[in-house]
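Enquirer:
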Amino acid sequence: MSTRTLITVPAARRGEIVEIRAMIGHPMETGHRPDSAGRLLPRDIVTRFECRFEGRMIFAADLYPAVAANPYLAFAMRAERSGTLQFSWSGDNGFVHTESRPLTLT
Amino acid sequence: MSTLRRRDVLASGTLLVLSVRPMQAQSQSQSPSLASALAEAVRAWSGGNMPRDGRVTLDIAPLVDNGNAVPISVRVVSPMTEADHVREIAVFNERNPQREVLRCELSAANGRAEVSSRIRLATSQQLVAVARLSDGSLWQQRVEVLVTLAACIEG
Numbered sequence: 001m002s003t004r005t006l007i008t009v010p011a012a013r014r015g016e017i018v019e020i021r022a023m024i025g026h027p028m029e030t031g032h033r034p035d036s037a038g039r040l041l042p043r044d045i046v047t048r049f050e051c052r053f054e055g056r057m058i059f060a061a062d063l064y065p066a067v068a069a070n071p072y073l074a075f076a077m078r079a080e081r082s083g084t085l086q087f088s089w090s091g092d093n094g095f096v097h098t099e100s101r102p103l104t105l106t
Numbered sequence: 107m108s109t110l111r112r113r114d115v116l117a118s119g120t121l122l123v124l125s126v127r128p129m130q131a132q133s134q135s136q137s138p139s140l141a142s143a144l145a146e147a148v149r150a151w152s153g154g155n156m157p158r159d160g161r162v163t164l165d166i167a168p169l170v171d172n173g174n175a176v177p178i179s180v181r182v183v184s185p186m187t188e189a190d191h192v193r194e195i196a197v198f199n200e201r202n203p204q205r206e207v208l209r210c211e212l213s214a215a216n217g218r219a220e221v222s223s224r225i226r227l228a229t230s231q232q233l234v235a236v237a238r239l240s241d242g243s244l245w246q247q248r249v250e251v252l253v254t255l256a257a258c259i260e261g
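First to last, the protein sequences are chains A and B. What the first sequence shows, in this note's numbering, is residues 1 to 106, in sequence order. What the second sequence shows, in this note's numbering, is residues 107 to 261, in sequence order.
1) Could you tell me whether any Cβ in chain A is nearer than 7 Å to the Cβ of A237 (chain B)?
2) Would you say E194 (chain B) and E220 (chain B) are within 7 Å of each other, going by their C-beta atoms?
3) Which one or two residues does DSSP pair with W89 (chain A) in a beta bridge?
4) Quick one: grab the DSSP three-state call for V197 (chain B).
5) If you measure between the beta carbons of S223 (chain B) and L73 (chain A), is that distance less than 7 Å?
6) Compare the C-beta of R127 (chain B) with all C-beta atoms of chain A and state if any pair is closer than 7 Å.
7) Kindly list, in the order they appear in chain B, the residues whose Cβ is closer than 8 Å to that of L63 (chain A).
8) Under 9 Å between beta-carbons, which chain A residues line up against A175 (chain B)? List them in chain order, please.
9) Using the DSSP secondary-structure output, state which residues sit across from L63 (chain A) in a beta bridge.
10) Rounding to the nearest angstrom, what Cα-Cα distance links G242 (chain B) and M57 (chain A) in this structure?
11) Does N155 (chain B) come out as helix, strand or coil in the three-state DSSP assignment?
12) According to DSSP, P34 (chain A) sits in a beta bridge with which residue or residues?
13) Can you pull the chain B neighbours of R81 (chain A), defined as C-beta to C-beta under 7 Å?
14) Quick check on DSSP: helix, strand or coil for Q132 (chain B)?
15) Quick check: what's the CA-CA separation for V236 (chain B) versus A61 (chain A)?
16) Cβ atoms of V162 (chain B) and V182 (chain B): under 7 Å apart, would you say?
17) Just the chain A side, please: which residues come within less than 8 Å of L212 (chain B) by C-beta, in chain order?
Written out as structure tokens, the structure reads:
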């Protein structure tokens with residue numbers, strides 16, 4: 001099953017502060033929920049999100065089971081130059097996913 | 107006769123509403139152990155100090171229909187310069203199975219200290235957003251949220 005992401009990086013003028021939004025398709029199974037037989041479903045969540053610009057950390061987050069399914073994070077960034085943004089998610093059961101998007105100054 | 111029955115039905119409906127209200131009030135009232143568990147979680151995050159009220163704005167609907175995906179947004183008043191910026195924003199809750207919700211790392215590169223996400227709320231409860239600034243100071247805002255349909259209930 002392929003992992004789906006939805007990322008928006010608006011075009012920016014130099015020095016402008018833009019909002020970056022990143023969502024990833026993931027059930028975020030809490031580990032607190034029973035199945036139909038009453039057994040607890042094992043926890044399966046994304047635990048870490050990172051966004052880097054040209055290798056430099058811009059924003060990172062530790063996620064807990066209280067974050068909703070298909071975790072969504074929005075944060076700001078001051079756009080100083082064009083370059084590449086790298087987004088990475090990792091979590092339970094060896095979950096890893098990365099995406100890249102250009103940041104383009106207008 | 108039929109109108110009398112309708113009145114009976116209406117009256118019983120009113121009774122039902124009356125009997126539900128005290129339960130709601132009860133669930134809203136804070137038990138001291140839960141409140142201290144929330145304070146404990148914040149203290150564990152901060153390294154022992156309690157944040158001061160102010161500078162942090164936790165935006166969330168005061169009345170939530172569906173606890174499965176509740177939009178939240180945390181904003182901190184800060185110039186976000188190298189010398190003076192927000193290093194960390196975290197959110198804790200009072201009554202989910204686990205106190206932690208989200209912890210974010212920021213820097214001057216963000217330009218604006220603002221984070222949004224969507225979270226789960228198991229029931230009506232208190233939420234707190236806390237911020238650690240580059241000068242080491244700690245700030246918070248607490249918000250009370252009413253949840254009508256909880257997350258984590260359906261199996």
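We treat Cβ as the ideally placed atom computed from N, Cα and C, and that holds for glycine. Because the structure is a prediction, the values reported are computed rather than measured.
Expert: Let me lay it out:
1) no
2) no
3) A:F49, A:H97
4) Under the three-state reduction of DSSP, V197 (chain B) is assigned to strand.
5) With respect to L73 (chain A), S223 (chain B) sits close: the two C-beta atoms are nearer than 7 Å.
6) Residue confidence is low: R127 (chain B) scores 42 on pLDDT, short of 50, so the model does not pin down where it sits. Its coordinate-derived value is still stated next. No - not a single Cβ of chain A is within 7 Å of the one on R127 (chain B).
7) L208
8) A68, A69, N70, Y72
9) B:L208
10) 20 Å
11) coil
12) A:L40
13) Correct list: empty, because the minimum Cβ distance to chain B is about 12 Å.
14) The predicted model places Q132 (chain B) with a pLDDT of 42, which falls under 50 and marks its position as unreliable, so this point remains unresolved.
15) 14 Å
16) yes
17) F59, F75
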